[in-house]
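Peer 1:
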Amino acid sequence: MEDRAKRRARLFTILGLVLALAAAGGTYLFASQAQTVAPQVEEKVSVVVAVRDLQARQIIDASDVTVAQYPIGVAPPTAAKDPKDVVGRILTSPVSRNEPITAVRWTVPQGQAAFTVMPAGETLTPTSPNYRALSITVADQNAVGGNLQPGDIVDVIGTIKIDPCISFLPVPPQACDPKRYADFQAKTIYESVPILARTGAVYTIRVGDLETVQKLYYLQASGAQLAMVLRAAKDDRVVTTTGTSFERVYKDFGYKVTERFSP
42 MEDRAKRRAR
52 LFTILGLVLA
62 LAAAGGTYLF
72 ASQAQTVAPQ
82 VEEKVSVVVA
92 VRDLQARQII
102 DASDVTVAQY
112 PIGVAPPTAA
122 KDPKDVVGRI
132 LTSPVSRNEP
142 ITAVRWTVPQ
152 GQAAFTVMPA
162 GETLTPTSPN
172 YRALSITVAD
182 QNAVGGNLQP
192 GDIVDVIGTI
202 KIDPCISFLP
212 VPPQACDPKR
222 YADFQAKTIY
232 ESVPILARTG
242 AVYTIRVGDL
252 ETVQKLYYLQ
262 ASGAQLAMVL
272 RAAKDDRVVT
282 TTGTSFERVY
292 KDFGYKVTER
302 FSP
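Using my numbering, read the sequence shown as starting at 42 and increasing by one per residue.
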């Protein structure tokens with residue numbers, strides 16, 4: 042009888058241990074599963090984004106951008122992380138509102154230059170000059186030996202041949218006077234012109250109105266030879282010239298006029 046009681050007590054003890062182990066195992070398994078399914082907090086990084094739609098060739102202002110937090114796996118690798126990295130740069134393509142500003146938006150292809158048609162610091166108003174950017178072709182020997190670069194300020198000189206007998210209609214009586222003849226004339230036609238970009242002998246410049254654009258393209262189409270002379274930094278003085286032809290050169294430099302002769 043006593044042995045049976047001992048065996049029964051031993052059985053209950055073993056059963057209790059089994060139940061305790063099963064409970065401990067269940068608790069551990071539940072905790073492991075709970076830890077596995079618990080959402081992980083993804084690391085975030087700062088990304089500079091546009092607060093409004095921005096246009097190509099626009100200079101980025103501090104008020105145009107803000108900083109947003111992006112999951113590290115979503116943030117574009119080349120996105121700017123600090124506004125100071127983009128403020129003052131010129132966009133090469135449009136940027137939409139809330140779009141991250143990446144390096145490709147301000148990186149200029151090799152051999153080109155970023156520029157704006159509006160001068161730096163100016164905003165468009167109803168009374169603003171009608172700024173236009175245009176290109177002119179000027180050979181290196183007429184462009185300070187090809188040493189002109191974007192940012193330089195130049196004066197533009199045009200040289201064209203004028204024949205008084207064919208340049209006017211109707212022909213004025215004095216146009217074909219024996220004292221008048223066809224001759225080249227060189228004149229400073231525009232002063233303080235900024236160079237915005239350059240590709241070889243093709244220069245992109247800024248002018249203040251569309252009429253000037255038309256005149257420059259006419260001169261190029263008519264065969265006029267254009268030249269650019271470099272101005273000193275911060276020299277904004279206006280110089281009025283009357284142009285130069287043979288008569289002026291002859292008088293100022295004392296050239297000798299060759300006389301006709303019979304062999």
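Backbone N, C-alpha and C define an ideal beta-carbon position, used for all residues, glycine too.
On a predicted model such as this, the values are computed, not experimentally measured, just so you know.
1) Under the three-state reduction of DSSP, which class applies to Y231: helix, strand or coil?
2) Between the Cα of A268 and those of R93, Y291, A180, P117, spot the shortest distance and give me the residue it belongs to.
3) Measuring straight from C-alpha to C-alpha, what distance separates T281 and R146?
4) Sort I100, G162, P118, Y296 by Cα distance to P135 and report the nearest one.
5) Quickly, what does DSSP pair M269 with across the bridge? List them, please.
6) Can you tell me which of the three DSSP states Q190 falls into?
7) How many whole angstroms separate the CB atoms of R138 and R93, which I take to be in contact at a CB cut-off of 8 Å?
8) Taking one C-beta from the region 233-246 and one from the region 190-199 each time, how about it: are there three or more such pairs within less than 8 Å?
9) With a threshold of 8 Å, are at least 3 pairs of Cβ atoms found where one atom belongs to the region 157-167 and the other to the region 223-234?
10) How about V243 and R173: are their beta carbons less than 7 Å apart?
11) Output yes or no for whether 7 Å exceeds the beta carbon distance between V82 and A116.
12) Considering only their Cβ atoms, is the gap separating V89 from P118 smaller than 7 Å?
13) State yes or no: is the C-beta of P170 within less than 7 Å of the C-beta of G295?
14) At 3 residues or longer, and completely inside the region 248-300: list those beta strand (DSSP E) runs for me, N to C.
15) When we look at the beta-carbon of V290 and count the other beta-carbons within 10 Å, is it buried (16 or more) or exposed?
16) Excluding sequence positions up to five away, which residues of its chain have a Cβ less than 7 Å from the Cβ of G187?
17) To which residues of the same chain is Q96 closer than 8 Å at the C-beta, ignoring the five residues directly before and after it?
18) If you draw a straight line from the C-alpha of V106 to the C-alpha of V128, how long is it?
19) Sorted by chain position, which residues of the same chain lie with C-beta nearer than 6 Å to S286's C-beta, five sequence neighbours on each side aside?
20) When DSSP labels each residue in this structure, what does A144 get in the three-state scheme?
21) Determine the direct distance from the alpha carbon of D204 to that of K256, and round the result to whole angstroms.
22) Can you give the Cα-Cα distance for I201 and L271, rounded to whole angstroms?
23) Whose CA, out of T168, G284, V197, lies closest to the CA of S176?
24) What does the Cβ neighbour count give for I113, buried or exposed, with the cut at 16 atoms within 10 Å?
25) Going by alpha carbons, who is nearest to T178 out of I246, T168, G162?
26) Per DSSP, what are the beta-bridge partners of I246 in this structure?
Peer 2: Inspection of the coordinates gives the following:
1) strand
2) A180
3) 43 Å
4) I100
5) V197
6) coil
7) 5 Å
8) yes
9) no
10) no
11) no
12) no
13) no
14) 266-271
15) exposed
16) D181
17) L132, P135
18) 8 Å
19) D224, Q226
20) helix
21) 19 Å
22) 21 Å
23) V197
24) exposed
25) I246
26) L175, I236
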